[in-house]
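Q: Quick one: the structure is below, questions incoming.
2 protein chains.
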Amino acid sequence: MEFCIDVTSRTPIYRQVADQIRAAIARGRLKPAARLPSVRDLSRQLVINPNTVSRVYSELERDGLLVTRHGLGVFVASPGSDLTKKSRRERLTTLLDACFTEAVLLGFTADEFAELFRERLAQFQWQRGT
Amino acid sequence: MEFCIDVTSRTPIYRQVADQIRAAIARGRLKPAARLPSVRDLSRQLVINPNTVSRVYSELERDGLLVTRHGLGVFVASPGSDLTKKSRRERLTTLLDACFTEAVLLGFTADEFAELFRERLAQFQWQRGT
DNA sequence: TCAACTGTATTAAATGACTTAGTACAGTTG
DNA sequence: CAACTGTACTAAGTCATTTAATACAGTTGA
Numbered sequence: 007m008e009f010c011i012d013v014t015s016r017t018p019i020y021r022q023v024a025d026q027i028r029a030a031i032a033r034g035r036l037k038p039a040a041r042l043p044s045v046r047d048l049s050r051q052l053v054i055n056p057n058t059v060s061r062v063y064s065e066l067e068r069d070g071l072l073v074t075r076h077g078l079g080v081f082v083a084s085p086g087s088d089l090t091k092k093s094r095r096e097r098l099t100t101l102l103d104a105c106f107t108e109a110v111l112l113g114f115t116a117d118e119f120a121e122l123f124r125e126r127l128a129q130f131q132w133q134r135g136t
Numbered sequence: 007m008e009f010c011i012d013v014t015s016r017t018p019i020y021r022q023v024a025d026q027i028r029a030a031i032a033r034g035r036l037k038p039a040a041r042l043p044s045v046r047d048l049s050r051q052l053v054i055n056p057n058t059v060s061r062v063y064s065e066l067e068r069d070g071l072l073v074t075r076h077g078l079g080v081f082v083a084s085p086g087s088d089l090t091k092k093s094r095r096e097r098l099t100t101l102l103d104a105c106f107t108e109a110v111l112l113g114f115t116a117d118e119f120a121e122l123f124r125e126r127l128a129q130f131q132w133q134r135g136t
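Heads up: the sequence lines are chains A and B, in that order. Residue numbers for the first sequence follow the working numbering, so the first one is 7 and each next one is one higher. Residue numbers for the second sequence follow the working numbering, so the first one is 7 and each next one is one higher.
What follows is the structure in structure tokens.
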């Protein structure tokens with residue numbers, strides 16, 4: 007796995023790294039039980055503080071995406087969402103509505119947006135099952 | 007227009023207000039040439055500092071959503087995206103891909119997500135033309 | 001057992017974002 | 001001119017982010 011950060015971005019480093027790991031897991035580039043770089047290794051690789059990496063791993067473990075085993079390392083968790091169907095739906099709806107808002111403001115028509123959606127959906131690697 | 011803020015949220019106030027205005031414009035609840043509350047009025051209404059409201063208006067003017075007329079007030083700009091087609095597409099693609107990632111991690115199948123997309127698209131008020 | 005690797009916890013400090021406060025200036029209107 | 005508009009500026013406080021340094025605890029293989 008290759009990670010990269012943009013230190014000039016206003017997005018916090020820990021957020022950039024966390025989002026890259028989330029995307030990698032969603033796309034199946036990081037499979038369940040796969041081992042992530044150690045806190046110290048990743049911090050050296052990205053030239054950031056070990057605490058920052060530790061924070062990323064903690065957040066993703068809290069979200070159920072990673073599992074840490076003390077002394078062994080951090081691993082990709084087995085899939086399985088423990089959120090209720092309702093809250094899962096609400097969460098995705100919020101994100102989706104933000105897309106709609108942005109699409110309108112960018113001048114997209116509903117048809118154009120629907121077309122873009124179909125394109126990206128077909129291209130996306132839908133790896134992680136429930 | 008009614009705005010509300012959640013002071014307990016970790017989302018900055020200026021971001022909450024800005025997002026509500028963006029959504030209102032996208033949904034057509036704020037139409038072109040409509041006048042927004044004055045900096046001082048909105049700050050009194052939301053019980054926040056006038057500087058914070060001013061920051062919101064400045065950001066939205068920089069993004070081309072609002073136009074300010076000194077001494078008169080702040081108004082909704084006429085639609086018209088001056089971004090290139092390519093950059094508009096890239097921006098929306100980034101947002102969409104974030105939705106895909108979240109959908110997978112939440113355990114949605116591609117079909118389920120596509121169905122949710124259709125539902126929300128039909129429900130969304132697609133007001134602002136180019 | 002011990003060295004070398006894992007993750008975790010803690011404190012301290014620097015930087016910058018966010019927000020408020022207060023004041024002052026400039027354009028518009030009746 | 002009074003009363004409204006937006007803007008600019010300084011100052012201060014709070015909090016998030018990041019780095020630094022150190023210490024502690026679990027796991028592994030020689």
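C-beta: ideal position from N, C-alpha, C; glycine also. Given the structure is predicted, the values throughout are model-derived calculations rather than measurements.
#1: Nearest to Arg61/A by CA position, among Ala116/A, Pro18/A and Met7/A, is which residue?
#2: Considering only the alpha carbon of each residue, which of Glu125/A, Val82/A and Glu96/A lies closest to Asn68/A?
#3: Counting only the same chain and skipping the five closest in sequence on each side, list residues whose C-beta sits under 8 Å from that of Phe106/A.
#4: Looking at chain B, which residues of the region 71-100 of chain A have a Cβ within less than 8 Å of any of its Cβ atoms?
#5: Exposed or buried, what is Leu141/A when buried is set at 16 or more other beta-carbons lying within 10 Å of its beta-carbon?
#6: Under 9 Å between C-beta atoms, does Glu65/B make it to chain A?
#7: Based on the DSSP output, what are the partners of Val82/B in its beta bridges?
#8: At the 9 Å Cβ level, is Phe9/B part of the contact set with chain A, yes or no?
#9: Ignore the nearest five residues each way along the sequence and tell me which others in Phe9/A's own chain have a CB closer than 8 Å to its CB.
#10: So the alpha helix (DSSP H) Val23/A belongs to, where does it begin and stop?
#11: With respect to the alpha helix (DSSP H) encompassing Asp47/A, which residues constitute its N-terminal and C-terminal limits?
#12: Quick one: grab the DSSP three-state call for Arg41/B.
#13: Against chain A, does Gln51/B count as a neighbour if the rule is that its beta carbon must be under 9 Å from one of theirs?
#14: To the nearest angstrom, how far is the alpha carbon of Thr136/B from that of Pro85/B?
#15: Could you list which residues in chain B have their beta carbon closer than 7 Å to that of Gln26/A, in chain order?
#16: Using 8 Å for Cβ pairs, my map puts Met7/A next to Arg33/A. What's the rounded Cβ distance?
#17: Just the chain A side, please: which residues come within less than 8 Å of Leu127/B by C-beta, in chain order?
#18: My output table needs one value for Cys10/A: the three-state DSSP class, helix, strand or coil.
#19: Tell me whether the beta-carbon of Ala104/A lies closer than 9 Å to the beta-carbon of Leu101/B.
#20: Kindly list the residues whose CB is nearer than 7 Å to the CB of Asp138/B, restricted to its own chain and excluding five residues on each side of it in sequence; keep chain order.
#21: Quick check on the burial criterion: 16 or more other C-beta atoms within 10 angstroms. Buried or exposed for Arg94/A?
#22: Could you run through the region 18-44 of chain B and flag, in chain order, every residue whose CB is less than 9 Å away from some CB of chain A?
#23: Do you know whose CA, among Leu66/A, Gly79/A and Leu72/A, lies nearest Arg46/A's CA?
#24: Among Ala29/B, Arg41/B, Arg126/B and Thr14/B, which residue has its Cα nearest to the Cα of Gly77/B?
#25: 9 Å is my cut-off, CB to CB: does Val110/B come that close to chain A?
A: The relevant details are as follows:
#1: As a first step, residue 61/A is located in the first sequence; it is residue number 55 there, counting from the start. Measuring from the Cα of Arg61/A, the nearest candidate turns out to be Pro18/A.
#2: For the purposes of this step, residue 68/A is taken as the residue at position 62 of the first sequence. Per the sequence presented here, residue 68/A reads as Arg, with Asn not at that position. When each option's Cα is compared against that of Arg68/A, the closest is Val82/A.
#3: The count along the first sequence starts at 1 and reaches residue 106/A at position 100. Taken in chain order, the residues that qualify are Phe119.
#4: Leu71, Pro85, Gly86, Ser87, Leu89, Arg94, Arg95, Arg97, Leu98 and Thr99
#5: Past the boundaries of the shown model lies residue 141/A; chain A is included only from 7 to 136, so the question cannot be answered.
#6: If you number the second sequence from 1, residue 65/B lands on position 59. Not one chain A Cβ lies under 9 Å of Glu65/B.
#7: Position 76 of the second sequence, counting from 1, holds the residue named residue 82/B. Val82/B pairs with Leu72/B.
#8: The count along the second sequence starts at 1 and reaches residue 9/B at position 3. No, its Cβ sits nowhere closer than 9 Å to a Cβ of chain A.
#9: In the first sequence, the residue the question calls residue 9/A occupies position 3. Same-chain partners within the cutoff: Val23, Gln26, Ile27, Leu48, Gln51 and Leu52.
#10: The residue labelled residue 23/A in the question sits at position 17 within the first sequence. Val23/A -> alpha helix (DSSP H) spans Ile19 to Ala32.
#11: As a first step, residue 47/A is located in the first sequence; it is residue number 41 there, counting from the start. Run containing Asp47/A: Val45 to Leu52, per the alpha helix (DSSP H) assignment.
#12: As a position in the second sequence, residue 41/B is number 35, starting the count at 1. Looking at Arg41/B - three-state DSSP - the assignment turns out to be strand.
#13: Working through the second sequence from its first residue, we reach residue 51/B at position 45. No, because no Cβ of chain A sits closer than 9 Å to the Cβ of Gln51/B.
#14: Here residue 136/B refers to the residue found at position 130 of the second sequence. Here residue 85/B refers to the residue found at position 79 of the second sequence. In this prediction, Thr136/B has a pLDDT of 41, which is less than 50 and means its spatial position is unreliable; nothing more can be read from the coordinates.
#15: Taking the first residue of the first sequence as position 1, residue 26/A is located at position 20. Those within 7 Å of Gln26/A in chain B number zero; the least Cβ separation is about 10 Å.
#16: Residue mapping note: residue 7/A aligns to position 1 of the first sequence, counting from 1. Residue mapping note: residue 33/A aligns to position 27 of the first sequence, counting from 1. No, Met7/A and Arg33/A are not in contact; Cβ-Cβ is about 11 Å, not under 8 Å.
#17: Taking the second sequence and counting its residues from 1, one reaches residue 127/B at position 121. Simply Phe106, Ala116, Phe119 and Ala120.
#18: Looking up residue 10/A in the first sequence gives position 4. Correct three-state label for Cys10/A: coil.
#19: For this step, residue 104/A is matched to residue 98 along the first sequence. For this step, residue 101/B is matched to residue 95 along the second sequence. Their beta carbons are under 9 Å apart, which means Ala104/A touches Leu101/B by this criterion.
#20: The structure shown has nothing for residue 138/B, since chain B only spans 7 to 136.
#21: Indexing the first sequence from 1 puts residue 94/A at position 88. Under this definition Arg94/A is a buried residue.
#22: Asp25, Arg28, Ala29, Ile31, Ala32, Arg33 and Gly34
#23: Looking up residue 46/A in the first sequence gives position 40. Checking every option, the nearest Cα to that of Arg46/A belongs to Gly79/A.
#24: Walking along the second sequence from the start, residue 77/B turns up at place 71. The option with the nearest alpha carbon to Gly77/B is Arg41/B.
#25: Position 104 of the second sequence, counted from the start, is the residue given in the question as residue 110/B. At least one chain A Cβ lies under 9 Å of Val110/B.
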